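Q: Numbering (this note's numbering), first residue to last: 448 to 678.
Every residue gets a Cβ at the ideal spot worked out from N, C-alpha and C, and that includes glycine.
Everything numeric in this text was worked out from a predicted model, so none of it was measured.
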Ligand SMILES: Nc1ncnc2c1ncn2[C@@H]1O[C@H](COP(=O)(O)OP(=O)(O)O)[C@@H](O)[C@H]1O
Ligand SMILES: [Mg+2]
């Protein structure tokens, strides 16, 4: 479903250029639950953004369902993203001028599969599942970090995306809510065949996945099925 070939990313900062990714090769099959684990600054968020069509690599290609993502115009890529990819960003990126119900259901509307009413109903259901039913009319800045993170999760899932990309999705949740969210991801993967890539610096979270890929200094250093780690 997703294939990265020889990805490089160079940030050309004023003083010294920073090579964040140095030749990443990765294949993720449909229905797989993959975790990418590495220390802070290893390039995890950068890699996830490139895999999801949000940021172009300096070199290399990304194929999503066989299509070269960076060989098309930005509007074409945006169309694929809106319909097929769900992002849970590390720093949420919610729309500050909209309430949380709007933040979630507008993502459904933009994808264009469903009518407004249906998007609103689905958004309400998901926010209720995540314990936010009493906050629907609140704006993101009236919510705690953990609450915003839950909104970001609902928004990413509203279109039942073919590919779900999660960047430290439980980083600001308490352990109980973190567990609920992780179990929800596992359930989506097992029962609905949802393809998931989860990025985290915490290896214990990654063990919910089927496969763990380790990233260090911009290269993948190890790629192991979780059963082998547990054994
Ligand atoms: N837009 C940018 N410009 C310059 N440097 C960046 C930019 N984005 C990220 N970096 C740098 O790239 C490195 C990797 O960042 P990131 O992918 O966010 O790592 P991680 O998610 O693993 O913590 C960091 O050193 C970070 O400071
Ligand atoms: Mg990060």
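Would you mind sorting residue 637 into buried or exposed? The rule is 16 or more other CB atoms within 10 Å of its CB.
A: The residue in question, residue 637, is exposed, as its Cβ has fewer than 16 Cβ neighbours within 10 Å.
Q: Pop quiz: residue 454 and residue 504 are said to be a contact at Cβ under 8 Å. What is the actual Cβ separation, rounded to whole angstroms?
A: 5 Å
Q: To the nearest angstrom, how far is it from the Cα of residue 588 to the Cα of residue 571?
A: Residue 588 and residue 571: Cα-Cα distance of roughly 19 Å.
Q: Considering just the uninterrupted stretch of the beta strand (DSSP E) at residue 507, what are its terminal residues?
A: 506-511
Q: Could you have a look at residue 662 and say whether DSSP puts it in helix, strand or coil?
A: Residue 662 falls in the strand class under three-state DSSP.
Q: Can you tell which of 579, 523, 618 has the C-alpha that lies nearest to the C-alpha of residue 602?
A: The candidate whose alpha carbon is nearest that of residue 602 is 579.
Q: What would DSSP say about residue 612, mapped onto helix, strand or coil?
A: strand
Q: Tell me the start and end of each unbroken beta strand (DSSP E) in the segment 564-618 that is at least 3 residues and wholly inside, in chain order.
A: 610-614
Q: In three-state DSSP terms, what is residue 548?
A: helix
Q: Would you report the Cα separation of residue 617 and residue 595, rounded to the nearest angstrom?
A: 11 Å
Q: Quick check on this structure: which residue in 483, 478, 666 has the alpha carbon closest to the alpha carbon of residue 652?
A: 483
Q: When you compare only the Cα positions, how much space is there between residue 467 and residue 550?
A: The straight-line gap from Cα to Cα measures roughly 31 Å.
Q: Give the secondary structure of residue 631 by DSSP, where H, G and I count as helix, E and B as strand, and everything else as coil.
A: helix
Q: For ligand 1, any of its heavy atoms closer than 7 Å to the Cβ of residue 491?
A: yes
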